[in-house]
Amino acid sequence: MKQSRIVRNIALGIENLLLHKLRSFLTMLGVVFGVGSVVAMLSVGEGASKEAMEQIRKLGSNNIILSSIKPIEEEQTSTVRAAISIYGLLYNDYARLRDTFPMIRQIAPVKLLRKESRLGPRAMELRIVGTTQTWFELVPREIIAGRELRPEDHAQFNPVAVLTEFGARRLLATQSTIGQKIRIGSDTFEVVGIVKSESGKAGNMQIPDQEVDVYIPLSVARHYFGDIYTRRSSGSFLRERVELHQIIVQIDAIEHVEPAAKAIEQMLERFHPKQDYEISVPLALLRQAEATKRTFNIVLGSIAGISLLVGGIGIMNIMLASVTERTREIGIRRAIGAKRRQIISQFLIETVVLSTIGGLVGIILGVLTPKLITFFSGMPTVLTPLSIFLPLIISIAVGIVFGLYPAANAARVDPIIALRHE
Amino acid sequence: MTIQNGEIVSLRNARKIYQMGTEKVHALDGVNVSFKRGSFWAIMGPSGSGKSTMMNIIGCLDRLTSGQYVLEGQDVGTLDDDNLSERRLRHIGFIFQSFNLIPQLTVRRNIELPLYYLGWDAEKSAERAAELGRRVGLEQRLNHRPTELSGGQMQRVAIARALANDPHLLLADEPTGNLDSATGEQIMRLLEELHEEGKTIIMVTHEPDIAAHARCRLHMKDGQVDRIEES
Ligand SMILES: Nc1ncnc2c1ncn2[C@@H]1O[C@H](COP(=O)(O)OP(=O)(O)OP(=O)(O)O)[C@@H](O)[C@H]1O
Ligand SMILES: [Mg+2]
Numbered sequence: 012m013k014q015s016r017i018v019r020n021i022a023l024g025i026e027n028l029l030l031h032k033l034r035s036f037l038t039m040l041g042v043v044f045g046v047g048s049v050v051a052m053l054s055v056g057e058g059a060s061k062e063a064m065e066q067i068r069k070l071g072s073n074n075i076i077l078s079s080i081k082p083i084e085e086e087q088t089s090t091v092r093a094a095i096s097i098y099g100l101l102y103n104d105y106a107r108l109r110d111t112f113p114m115i116r117q118i119a120p121v122k123l124l125r126k127e128s129r130l131g132p133r134a135m136e137l138r139i140v141g142t143t144q145t146w147f148e149l150v151p152r153e154i155i156a157g158r159e160l161r162p163e164d165h166a167q168f169n170p171v172a173v174l175t176e177f178g179a180r181r182l183l184a185t186q187s188t189i190g191q192k193i194r195i196g197s198d199t200f201e202v203v204g205i206v207k208s209e210s211g212k213a214g215n216m217q218i219p220d221q222e223v224d225v226y227i228p229l230s231v232a233r234h235y236f237g238d239i240y241t242r243r244s245s246g247s248f249l250r251e252r253v254e255l256h257q258i259i260v261q262i263d264a265i266e267h268v269e270p271a272a273k274a275i276e277q278m279l280e281r282f283h284p285k286q287d288y289e290i291s292v293p294l295a296l297l298r299q300a301e302a303t304k305r306t307f308n309i310v311l312g313s314i315a316g317i318s319l320l321v322g323g324i325g326i327m328n329i330m331l332a333s334v335t336e337r338t339r340e341i342g343i344r345r346a347i348g349a350k351r352r353q354i355i356s357q358f359l360i361e362t363v364v365l366s367t368i369g370g371l372v373g374i375i376l377g378v379l380t381p382k383l384i385t386f387f388s389g390m391p392t393v394l395t396p397l398s399i400f401l402p403l404i405i406s407i408a409v410g411i412v413f414g415l416y417p418a419a420n421a422a423r424v425d426p427i428i429a430l431r432h433e
Numbered sequence: 417m418t419i420q421n422g423e424i425v426s427l428r429n430a431r432k433i434y435q436m437g438t439e440k441v442h443a444l445d446g447v448n449v450s451f452k453r454g455s456f457w458a459i460m461g462p463s464g465s466g467k468s469t470m471m472n473i474i475g476c477l478d479r480l481t482s483g484q485y486v487l488e489g490q491d492v493g494t495l496d497d498d499n500l501s502e503r504r505l506r507h508i509g510f511i512f513q514s515f516n517l518i519p520q521l522t523v524r525r526n527i528e529l530p531l532y533y534l535g536w537d538a539e540k541s542a543e544r545a546a547e548l549g550r551r552v553g554l555e556q557r558l559n560h561r562p563t564e565l566s567g568g569q570m571q572r573v574a575i576a577r578a579l580a581n582d583p584h585l586l587l588a589d590e591p592t593g594n595l596d597s598a599t600g601e602q603i604m605r606l607l608e609e610l611h612e613e614g615k616t617i618i619m620v621t622h623e624p625d626i627a628a629h630a631r632c633r634l635h636m637k638d639g640q641v642d643r644i645e646e647s
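Order-wise, the sequence lines are chains A and B. Throughout, my numbering is defined as the position within the first sequence, counted from one, plus 11. Throughout, my numbering is defined as the position within the second sequence, counted from one, plus 416.
This is the structure we're talking about:
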């Protein structure tokens, strides 16, 4: 009963607005564009930050990644032909970290090298990752076939290799490849598994695995390939000695991640006077991304606020004019027995209907625009329920806020004077 | 108080004073009058004598500056704005010289207006509007807009609207003022019918021919009752 009355009042409001179609349409344009731009911007912003956050989360928010980097002064002197540069993380660093930090739950040493590899008739250059089974816990990837590395592979120097999906596809490896031999450089390994790969970057932080990775036990990598790498670069040979390229550390609790990163840095500083390593903390990046997103949302909120304010003022302006124009109608309604609050609700409903329809049209516009952006530029956009409902609620609120004053004006109309009004 | 043939409207020492800058206009200057239930009155008098002012008071559109107005046994002077609206809605039907229909609404919607504020549902209201449309001879015109009607037809719509809430009291301020005499006669016949059905009718008019339809005449002068003719 009560509800059907509200429905009826809204229907009457719409009927009334339809009497002035063009004016009603123009009146709500402000809200249409205000809400439309808010929805569109929210979804573009949400898309960008979601992509960044997802990449960062892939790195593991409990992880700390230590990477070897060539110190700057080394870089400069390396123009000397056949010079050997020695830098980076050491097996000892790995052992020290593992043994001295109780907050470290798991730790994976990583040795990286590139080798021409051959599976049957197919050959390609792969990135060889010498590591332990811990890797697969810190960088969890789905197993497509076979198994991951096991502790005994490392302990017993088993020449086994786990391929990554993408590399496997290029080498035409399948389910049935498990158990076959793969040649890496001049050595032969047994393929024991294939895992799924992830691609992409997280901000400026490379995710630890690549699409063409082959995982082999660290002990085997060290035994077969040693620690010295020869790289050809622009005609000159570059010789480097790097023990470990990466150490991935998982901390037991998220609140320990940042203190642990500090402690690790302090410890490494003592053994590495040259800055030949780098610490990246995905959690810090995540925080940074979240802060950026917050700033973005504040800016967006301000723009949205201003555009909706302008839209609201537009509505108020028209409604004030409409009240003046309909003074006589108001007088008639009052004379017949309408109470002040019934006049208020009549005008308020009209304003809210206007702003709500404006909001809905704006939302449609705001939903379609990001779709077009994604379609034409490939930029990811994400629509969240909040990015739709918040602007809708705001547009309803705009109708109420900016409708109250004209409606109150309407209710103040004196019926006797209004009836004389021509 | 509200016995069948008792007073439906009674004004005691009624004064309405408008402040015009420093000057005071005594639109009603001590009016004592009462109208019996079921009576049919014509209020006459020169322009500015306070006829419309009195109608507005009786119609609960306005309040007295001093004195007492009793409508159906209720002292209206003590009522707040909402309660005055409620009186108008339930007890009074207005008929104006300039019809005062809402031009954007159809005839049906105009007639339904009081019912809307009475909270009737759409179906019952439509039925009632159709019935009243028949009553005033406009059943063919229910879906027209007022602007498509002649003056006489518009006044019939206004009468139908005034009857929608089934009021005891009909107030008509120069109902034929904008009509030619033939059309005016038709409207008067309608009012006479309503009188015969038991409605109390108070009508302002300048025209003696029109006033002749009423059973009683009240002459105003300078905000006061000049004389009363009861027949
Ligand atoms: N709102 C107002 N403010 C000031 N004075 C008013 C107001 N309404 C009416 N008056 C004055 O009160 C007096 C009575 O006016 P009223 O409208 O009642 O006259 P009337 O008898 O209906 O005249 P008419 O026959 O011309 O309609 C007039 O002098 C008028 O100027
Ligand atoms: Mg008058």
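We put the beta carbon where it would ideally sit given N, CA and C, even for glycine. Treat the numbers as computed from the prediction; the structure is a model and nothing was measured.
Legend entry - B/Lys432 beta carbon near ligand 2 (any heavy atom closer than 7 Å): As a working mapping, residue 432 of chain B is identified with position 16 in the second sequence. No, ligand 2 has no heavy atom inside 7 Å of this Cβ.
Inset, instruction - Could you tell me which of B/Gly567, B/Gln602, B/Arg428 and B/Met471 sits nearest to B/Ile618, measuring between CA atoms? - result: Stepping through the second sequence from its first residue, residue 618 of chain B is reached at position 202. Ranking the options by Cα distance to B/Ile618, first place goes to B/Met471.
Inset, instruction - Check distances from the C-beta atoms of the stretch 330-342 of chain A to those of chain B and list, in chain order, the residues that come in under 7 Å. - result: Residues passing the 7 Å Cβ filter: Glu340.
Inset, instruction - Report yes if the CB atom of A/His256 is closer than 8 Å to the CB atom of A/Ser79, and no otherwise. - result: Along the first sequence, one-based indexing puts residue 256 of chain A at 245. Along the first sequence, one-based indexing puts residue 79 of chain A at 68. For A/His256 and A/Ser79, yes; Cβs fall inside 8 Å.
Inset, instruction - Taking all protein chains shown into account, decide if A/His234 is buried (16 or more other Cβ within 10 angstroms of its Cβ) or exposed. - result: Position 223 of the first sequence, counting from 1, holds the residue named residue 234 of chain A. So A/His234 ends up on the exposed side.
Inset, instruction - Taking B/Tyr533 as the query, report the chain A residues whose CB atoms sit under 9 Å from its CB, ordered along the chain. - result: The sequence position of residue 533 of chain B within the second sequence is 117, counting from 1. Within 9 Å Cβ-Cβ: Arg344, Ile347, Gly348, Ala349, Lys350 and Gln353.
Inset, instruction - Quick one: using the 10 Å Cβ neighbour count with 16 as the cut-off for buried, is B/Gln556 buried or exposed? - result: In the second sequence, the residue the question calls residue 556 of chain B occupies position 140. B/Gln556 is exposed by the Cβ-count criterion.
Inset, instruction - Less than 8 Å between the CB atoms is what I'm expecting for A/Val393 and A/Gly58, so what's the real figure, rounded? - result: Within the first sequence, numbered from 1, the residue matching residue 393 of chain A stands at position 382. Within the first sequence, numbered from 1, the residue matching residue 58 of chain A stands at position 47. Right, their Cβ atoms sit about 4 Å apart.
Inset, instruction - Given a cut-off of 8 Å, decide if B/Ala458 and B/Arg633 are closer than it, judged by their beta-carbon atoms. - result: For the purposes of this step, residue 633 of chain B is taken as the residue at position 217 of the second sequence. For the purposes of this step, residue 458 of chain B is taken as the residue at position 42 of the second sequence. Closer than 8 Å, so yes.
Inset, instruction - Check whether the Cβ atoms of A/Ala179 and A/Ile205 lie closer than 8 Å to each other. - result: Your numbering for residue 179 of chain A matches position 168 in the first sequence. Your numbering for residue 205 of chain A matches position 194 in the first sequence. The Cβ atoms of A/Ala179 and A/Ile205 sit closer than 8 Å to each other.
Legend entry - beta strand (DSSP E) segment containing B/Trp457, residue limits: Walking along the second sequence from the start, residue 457 of chain B turns up at place 41. Per DSSP, B/Trp457 belongs to the beta strand (DSSP E) from Phe456 to Met460.
Legend entry - For A/Gln357 and A/Ser398, the rounded distance between their alpha carbons: In the first sequence, the residue the question calls residue 398 of chain A occupies position 387. In the first sequence, the residue the question calls residue 357 of chain A occupies position 346. Distance between the alpha carbons of A/Ser398 and A/Gln357: 30 Å.
Inset, instruction - Taking 8 Å as the cut-off, decide whether the C-beta atoms of A/Ala1 and A/Arg351 are in contact. - result: This structure leaves residue 1 of chain A out entirely; chain A is present only between 12 and 433.
Legend entry - In DSSP terms, what B/Ile386 is bridged to: It is not possible to answer for residue 386 of chain B, since the shown part of chain B is limited to 417 through 647.
Legend entry - Proximal residues to A/Ile368 (C-beta, below 8 Å), its chain only, five neighbours per side dropped: Here residue 368 of chain A refers to the residue found at position 357 when the first sequence is read from its first residue. Contacts found: Met39.
Inset, instruction - Give the DSSP-derived three-state secondary structure of A/Met390 in the structure shown. - result: For the purposes of this step, residue 390 of chain A is taken as residue 379 along the first sequence, with counting starting at 1. Residue state, collapsed to three classes: coil.
Inset, instruction - Compute the minimum distance between the beta carbon of B/Thr469 and the heavy atoms of ligand 1, and state whether it is under 7 Å. - result: Within the second sequence, residue 469 of chain B is the residue found at index 53, counting from 1. Because some heavy atom of ligand 1 lies under 7 Å away, the Cβ of B/Thr469 counts as near it: yes.
Inset, instruction - Mind reading off the beta-carbon distance from B/Leu477 to B/Gly493? Whole number of angstroms is fine, and I expect it under 8 Å. - result: Start at 1 with the first residue of the second sequence, and residue 477 of chain B comes out as number 61. Start at 1 with the first residue of the second sequence, and residue 493 of chain B comes out as number 77. The pair is not a contact, with the Cβ atoms about 14 Å apart (cut-off 8 Å).
Inset, instruction - Return the CA-CA distance between B/Asp498 and B/Asp582, expressed in angstroms with no decimal places. - result: Counting from one through the second sequence, the residue named residue 498 of chain B turns up at place 82. Counting from one through the second sequence, the residue named residue 582 of chain B turns up at place 166. A direct Cα-to-Cα measurement between B/Asp498 and B/Asp582 gives close to 20 Å.
Legend entry - Among A/Phe44, A/Arg34, A/Ala51 and A/Val43, the one whose alpha carbon lies nearest that of A/Lys382: Numbered from its first residue, the first sequence carries residue 382 of chain A at position 371. Considering only A/Phe44, A/Arg34, A/Ala51 and A/Val43, the residue with the shortest C-alpha distance to A/Lys382 is A/Ala51.
Inset, instruction - Indicate whether at least one CB of chain B lies closer than 8 Å to the CB of A/Leu53. - result: Translated into positions along the first sequence, residue 53 of chain A becomes position 42. With 8 Å as the cut-off, A/Leu53 does not count as an interface residue toward chain B.
Inset, instruction - Check whether the Cβ of B/Asp491 lies closer than 7 Å to any heavy atom of ligand 2, and answer yes or no. - result: Translated into the one-based positions of the second sequence, residue 491 of chain B becomes position 75. Incorrect: B/Asp491 has no Cβ contact closer than 7 Å to ligand 2.
Inset, instruction - Give a yes or no on whether the C-beta atoms belonging to A/Arg125 and A/Glu136 are separated by under 8 Å. - result: Taking the first sequence and counting its residues from 1, one reaches residue 125 of chain A at position 114. Taking the first sequence and counting its residues from 1, one reaches residue 136 of chain A at position 125. Contact: yes.
Inset, instruction - Give the straight-line distance between the Cα atoms of B/Gly454 and B/Ala578, rounded to the nearest whole angstrom. - result: Stepping through the second sequence from its first residue, residue 454 of chain B is reached at position 38. Stepping through the second sequence from its first residue, residue 578 of chain B is reached at position 162. When rounded, the distance between both Cα atoms is 16 Å.
Legend entry - Contacts around B/Arg643, its chain only, beta-carbon distance under 7 Å, and the 5 residues preceding and following it disregarded: Counted from its first residue, the second sequence places residue 643 of chain B at position 227. The residues are His635.
Inset, instruction - Could you tell me if the beta carbon of B/Val447 falls within a distance shorter than 7 Å of some heavy atom in ligand 1? - result: Locating residue 447 of chain B in the second sequence gives position 31, counting from the first residue. No, Cβ of B/Val447 sits at least 7 Å from all heavy atoms of ligand 1.
Legend entry - Own chain, CB closer than 8 Å to B/Leu529, minus 5 neighbours either side, in chain order: Stepping through the second sequence from its first residue, residue 529 of chain B is reached at position 113. Counting only Cβ-Cβ distances below 8 Å, and skipping sequence neighbours, we find Ile518, Leu521, Arg577 and Ala580.
Inset, instruction - Rounded to whole angstroms, what's the CA-CA distance from B/Arg631 to A/Met327? Just pull it up for me. - result: The count along the second sequence starts at 1 and reaches residue 631 of chain B at position 215. The count along the first sequence starts at 1 and reaches residue 327 of chain A at position 316. Their Cα atoms are separated by approximately 52 Å.
Legend entry - Proximity test, Cβ basis, 8 Å: A/Arg305 and chain B: Position 294 of the first sequence, counted from the first residue, corresponds to residue 305 of chain A. Judged by the 8 Å Cβ criterion, A/Arg305 is not in contact with chain B.
Inset, instruction - Determine whether the Cβ of A/Arg19 lies closer than 8 Å to any Cβ atom of chain B. - result: In the first sequence, counting from the first residue as 1, residue 19 of chain A sits at position 8. Closer than 8 Å to some Cβ of chain B, the Cβ of A/Arg19 qualifies, so yes.
Legend entry - Reference B/His377; option with closest CA among B/Arg503, B/Ile575 and B/Arg525: Past the boundaries of the shown model lies residue 377 of chain B; chain B is included only from 417 to 647, so the question cannot be answered.
Inset, instruction - Could you check the C-alpha separation between B/Gly575 and B/Val552 for me, to the nearest Å? - result: Against the second sequence, residue 575 of chain B aligns to sequence position 159. Against the second sequence, residue 552 of chain B aligns to sequence position 136. The displayed chain sequence assigns Ile, not Gly, to residue 575 of chain B. If I take the Cα positions, the gap works out to 8 Å.
Legend entry - Which of helix, strand or coil DSSP assigns to B/Arg428: Stepping through the second sequence from its first residue, residue 428 of chain B is reached at position 12. Looking at B/Arg428 - three-state DSSP - the assignment turns out to be strand.
Inset, instruction - Using only the heavy atoms of ligand 4, determine whether one of them is closer than 7 Å to the beta carbon of B/Ala443. - result: For ligand 4, the structure offers nothing, since it holds only ligand 1 and ligand 2.
Legend entry - Same chain only: Cβ atoms within 6 Å of A/Asn215, ignoring 5 sequence neighbours per side: Numbered from its first residue, the first sequence carries residue 215 of chain A at position 204. The pLDDT assigned to A/Asn215 is 49, lower than 50, so where the model puts this residue is not dependable; a value taken from the coordinates is nonetheless given after this. Taken in chain order, the list of residues that qualify is empty.
Inset, instruction - Could you tell me which chain A residues have their CB closer than 8 Å to the CB of B/Pro530, listed as they occur along the chain? - result: Within the second sequence, the letter at position 114 stands for residue 530 of chain B. Chain A residues near B/Pro530: Ile347 and Gly348.
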